[in-house]
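Under mature numbering (1 follows the signal peptide of the UniProt record, and there is no 0), residues -25 to -1, 1 to 554 are what the sequence shown spells out, in order.
Beta carbons: idealized from backbone N, C-alpha and C, even for Gly.
Quick notes on the structure that follows.
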Amino acid sequence: MAISSCLPSPCSLIMATLMLLIVQAQSITRHYNFNVQMANVTRLCASKSIVTVNGEYPGPTLVAREGDRVLVRVTNHVAHNMTLHWHGIRQLRSGWADGPAYITQCPIQTGQSYVYNFTVTGQRGTLWWHAHISWLRATVYGAIVILPKLGVPYPFVAPHKEVPLLFGEWWRADTEAVVSQALQTGGAPNISDAFTINGLPGPLYNCSAKDTFKLKVEPGKTYMLRLINAALNDELFFSVANHTLTIVEVDAVYVKPFTVKTLIISPGQTTNVLLTAKPLNPKANFYMSASPYSTIRPGTFDNSTVAGILEYHNPRRSASDSSFDKDLPLFRPTLPRFNDTGLVTNFTSKLRSLATPQYPAAVPQSVDKRFFFTVGLGTRPCPVNATCQGPTNTTQFAAAINNISLVLPSTALLQSHFTGMSRGVYGSNFPIMPLSQFNYTGVSPNNTNVATGTKLLVLPFNATVELVMQDTSILGIESHPLHLHGFNFFVVGQGFGNYDPVNDPARFNLVDPVERNTVGVPAGGWVAIRFLADNPGVWFMHCHLEVHTTWGLRMAWLVLDGSLPNQKLQQPPSDLPKC
């Protein structure tokens, strides 16, 4: 009544001020300074100098709220070129802030700075950031926590506490030397020496009991673990001894909750789980363990286990006491065999979008553009007068999508597109299907060589896309976690063997498929995804096993501008790095 009795102009002013205050409370601009610098770190009884952000390993957690604008000033103080990628952030019309080197930007050179400027639109949950050039993400990574809008609850019981758990991979050697040697010899890179949880290898590795992540819980309380697989080359099983995990979100999208003893998480993926502590103190400690999933033979991957410790709060011990009670029994989870594809399939098949009025699953029901991509390994001939350490001494390892192994240009693809200077930089003729068909999961063809090139696949704005990605058995079947920049997609189907375009689509889930940004192409199988090309720009898609990306298992989509002003790529920022 008081407002209705106001004169129109003061009333309007009050209402406008109130609305502005509400909007400001909902959305703010958050500023971060990320200084890329060297730091000495000791793990596995050996010290080395690593690239970090702000001297932290893992790097700082970036916290924002849905709707916030984020400005991250990155200053490069190391000898390596650097870019950072905000993995899973949609980057609507802000592709200049996406980060992959030579795709959306030239690297930030030594002594230079660049401000990544983006708005978190329609997303909430766990994502992460990492270096996106060479293998520097081995140590340059951190969590992104996107809180819901103020006043909007989680669609599940609010946890007592939220804890990021980042899985990493540690080499005693310098990882830049590891990848450099592999590229010189044409062979597979040396495998890592340990996995880590929040940068710590834990008690199952030599000399590492003091470097163990510990999570202290109170009986009866529920904790949300924000799991992030930041490992370079390994998908991971994760389990907590004598406790169950309720999956509530993947890749910053809520899912229908379900409970497991063991989950699978691929490099690039995030998973939020609820862990409820036992109602009474069990007077025991429990390992939280992760070990690799791989269908390639043991010895060619790091087949070790990382463990943290879940301990129950003991009121008789000091709250500042960081050590745990070694006199208590210590339980270990039973982790699957390294090649347990059945468990992986069972887990991924349970993932379903909420598909509620508040959190709908906007699955494209019709398709404008259909594509079929083979993804897998292959070979390239050795350089003239050289001996290689690839599958044979005359070949080197390679990887490809539709038999094209992407060669990164010397300038950024997005800039070349935006300025209309693409001639000599890239072609627009990426094949929409394999140029030669074969029994993809059967006996390998005699010729395993891949072609090389810099080719983009062009999409009109707002096209609905269906993409089937098919693993191949060339050099052995393998699971490939494919990450698409700039978009979420719906995983509408998957299966084993060769994709059947006649019968398999009838089994697609177009009602509540899981929505994510990184999906595992099953070993010896296929996965089908759908997405709406509503984000203009050049968008990288690649295997998130870093070794495969290095070998060329990568491509890029070019989504054209729409006709309206809000459907066009923004102008490049003035501080965009130059090549």
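- Message: DSSP has histidine 60 in a bridge; who is on the other side?
- Response: His105
- Query: In this structure, what does DSSP give as the bridge partners for glutamine 371?
  - Reply: Arg355
- To the nearest angstrom, report how far apart histidine 55 and asparagine 478 are at their CA atoms. Straight-line measurement puts the Cα of asparagine 478 at about 50 Å from the Cα of histidine 55.
- Using 10 angstroms around the beta-carbon of glutamine 80, count the other beta-carbons present and answer buried if the total reaches 16, otherwise exposed. buried
- Boundaries of the beta strand (DSSP E) in which histidine 6 is found, first to last residue: 4 to 18
- Query: Which two residues bound the contiguous alpha helix (DSSP H) that contains asparagine 51?
  - Reply: Per DSSP, asparagine 51 belongs to no alpha helix (DSSP H); it is in the beta strand (DSSP E), 44 to 51.
- leucine 544 burial status per 10 Å Cβ neighbour count (16 or more: buried): buried
- Can you check the region 124 to 174 for any beta strand (DSSP E) of at least 3 residues that lies completely inside it and give the ranges in chain order? 136 to 145 and 169 to 172
- Query: So leucine 329 and proline 75 are in contact, right, with Cβ under 8 Å, and what is the actual spacing, rounded?
  - Reply: Between proline 75 and leucine 329 the Cβ distance is about 30 Å, and since that is not below 8 Å, they are no contact.
- Quick one: what's tryptophan 501 bridged to in DSSP? DSSP, once it has assigned bridges, lists Gln445 and Gly470 as partnering tryptophan 501.
- Query: Would DSSP call asparagine 414 helix, strand or coil?
  - Reply: coil
- Item | beta strand (DSSP E) runs contained entirely in the region 376 to 406, provided each spans 3 or more residues | 379 to 381
- Buried/exposed call for glutamate 41, threshold 16 Cβ in 10 Å: buried
- Task: Measure the CB-CB distance between arginine 491 and valine 154 and report whether it falls below 8 Å.
- Result: no
- Message: Three or more C-beta pairs under 8 Å: does that hold for the region 360 to 367 against the region 243 to 261?
- Response: no
- Do you know offhand how far glutamate 193's Cα is from glycine 63's? The straight-line gap from Cα to Cα measures roughly 32 Å.
- Have a look at Gly428, Ser264, Gln412 and Ser279 and flag the residue whose alpha-carbon is nearest the alpha-carbon of serine 380. Closest by alpha carbon: Gly428.
- Message: My output table needs one value for alanine 330: the three-state DSSP class, helix, strand or coil.
- Response: coil
- Query: In whole angstroms, what separates the C-alpha of residue 563 from that of valine 494?
  - Reply: No statement about residue 563 is possible, as the shown extent of the chain runs from -25 to 554 and does not include it.
- Endpoints, alpha helix (DSSP H) assigned at histidine 523: 521 to 526
- Measure the Cβ-Cβ separation of proline 308 and serine 183 and say whether it is below 8 Å. No, Cβ-Cβ distance for proline 308 and serine 183 is not below 8 Å.
- Just the C-alpha distance for valine 228 and glycine 100, rounded to the nearest angstrom, thanks. 7 Å
- Within its chain, find whatever has a CB closer than 8 Å to the CB of phenylalanine 142; leave out the 5 residues flanking it on each side and keep chain order. Phe170, Thr171, Ile172, Leu202, Ile203, Asn204, Ala205, Ala206, Leu211, Phe213, Ile240, Ala265 and Val281
- Message: Just to confirm, is the Cβ distance from glycine 451 to tryptophan 501 under 8 Å?
- Response: no
- Just mark isoleucine 407 as buried or exposed, buried being the case when its beta carbon has 16 or more other beta carbons within 10 Å. exposed
- Query: With 16 as the cutoff for other CB atoms within 10 Å, does glutamine 159 come out buried or exposed?
  - Reply: exposed
- the region 103 to 123 in contact with the region 404 to 424 per 3-pair CB rule at 8 Å: no
- Message: So for proline 232, helix, strand or coil by DSSP?
- Response: strand
- Have a look at Val467, Arg312, Val95 and Ser69 and flag the residue whose alpha-carbon is nearest the alpha-carbon of arginine 272. Residue nearest to arginine 272 within the set Val467, Arg312, Val95 and Ser69 is Arg312 (criterion: CA-CA distance).
- Message: For glutamine 546 and threonine 50, what's the separation of their Cα atoms in angstroms?
- Response: Looking at the backbone, the Cα of glutamine 546 and that of threonine 50 are separated by about 22 Å.
- Message: DSSP three-state label for asparagine 321, please.
- Response: helix
- Quickly, what does DSSP pair lysine 191 with across the bridge? List them, please. Glu286
- Can at least three beta-carbon pairs, one atom from the region 530 to 544 and one from the region 429 to 449, be found at a separation below 8 Å? yes
- Task: Please name the residue, chosen from Tyr287, Thr245, Pro82 and Ser419, that lies closest to leucine 255 on a Cα-to-Cα basis.
- Result: Tyr287
- Chain-order list of residues whose beta-carbon lies under 8 Å from that of leucine -5 (same chain, five-residue window excluded): Because the pLDDT of leucine -5 is 43, which lies under 50, any placement of that residue in the model is unreliable, and the question is left without a value.
- Message: Helix, strand or coil, according to DSSP, for glycine 428 in the structure here?
- Response: strand
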